[in-house]
Structure formats: C-alpha cells, structure tokens
Amino acid sequence: MKQKITTRMIATMGLLVALQVVLSQVLGIETQYLRLSFSFVPTIIMGMLFGPLWAGIGCVLADFLGMALFPKAAFFFGFTINAFIGGLIYGYFFYKKEISWKNAIGCALATTIVISLILTPIWLSMMYNQPLFSWVIWAPRLIKTVIMLPIQAILNYMVGRMIPLQKLIKRVSV
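Positions in the sequence shown are counted from 1; adding 187 to them yields this note's numbering.
Right under this line is the structure:
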C-alpha cells in the first residue's frame, strides 16, 4: 500500500530528524571508534509512524544534516548506510505492530548485531586502516554492547508503549 505524503507527515518527519540530529551530534558522546547516543528514540517514532522505508530515509537525512552542521570527523558513506539500515530495522519491528517485549528486544538485538557488531567494525577498519579483528575496534564496541543493549531494549519498549500510536497516526495521516 502506497503512503500518501502530506504536509503533516513532512513536518513530523522534519521534527523527528531534527531531534535525532540533536541527540546524536550535540548530546551524544563520540570518540574515534565509538559513538554513544540516544538518537534511536526518534527512530522508534519514525518507524512506528512511517514504516521502514521512510524511517530509513529520515535517518539518512539526519545523518547528512548532522555531518553538515556538526562535523566531528571525515564523512564516510558506510555510516549513512548504517543509518538507513537502522531506520529499516526500526520500521520493520514497530510499523503497524503492537509494541511488545519481543519486538523491543528483537529490534535492539537486530540493530546491535547488524550495525554495531558487523557493519561498523568493517567501516572503522576501512576508515582507519586497522585490522578488522583489532582490539582497538572491538574493545569499546563490546563494552558498549553490554551496557547499551538492555538500555536500548527497555527504551524501545517504554517509548513504544508511551506513545499514543493510533492518535498520532490519525493526526499525521489526515
């Protein structure tokens, strides 16, 4: 089913993209090999409201805007691919679905495994000319995974349950 683009949808997406930029670039903690932020919270809402494709597009826009407004390192297209895939994953788990612990934990596991533990180490290895299995890449990543996986799963569930989804869908769609 094709989703009709409305002014409210564009405005809502713009607000969520702006919130994602602020959470990732301004309030996030970033080192050369690690980024710690809560920018996935607006992505949850994008996935719930707009579905996988639009959530992916919104995440790509947030990535481009974040790099344009607050550049902290050289632009690398691999991280833009990560942003799109992250939006796809959130849209897949939350679009037109009841928010359950199963979805919240599944989404947190999928994003952690695919993005944090598979794609990001590959991009970092390519960017910084480090061996793929170097502890420089893996030590901070594994510590982050242990800390953030339960936090992300809990926030996925809590944010998903707190948002009055049906009311928001009616307001954005009409």
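All C-beta atoms in this analysis are idealised placements derived from N, C-alpha and C, irrespective of residue type, glycine included.
- Straight-line measurement puts the Cα of K259 at about 11 Å from the Cα of I216.
- A residue is called buried when at least 16 other Cβ atoms come within 10 angstroms of its Cβ; V333 does not meet this threshold and is exposed.
- V301 and R195 have their alpha carbons spaced roughly 32 Å apart.
- Within the same chain, Cβ atoms closer than 6 Å to the Cβ of S224 are found at L210, S211, G215, the five residues on either side in sequence being excluded.
- Take the alpha-carbon of D250 and the one of L336: they are about 22 Å apart.
- G278 and K191 have their alpha carbons spaced roughly 17 Å apart.
- In this structure, DSSP gives L214 a state outside helix and strand, which the three-state scheme calls coil.
- When DSSP states are grouped into helix, strand and coil, L275 belongs to the helix group.
- Here R348 has I286 as same chain residues with Cβ atoms under 7 Å from its own Cβ, once five neighbours each way along the sequence are excluded.
- Taking 8 Å as the cut-off, the beta carbon of L306 is found closer than this to the beta carbon of G265.
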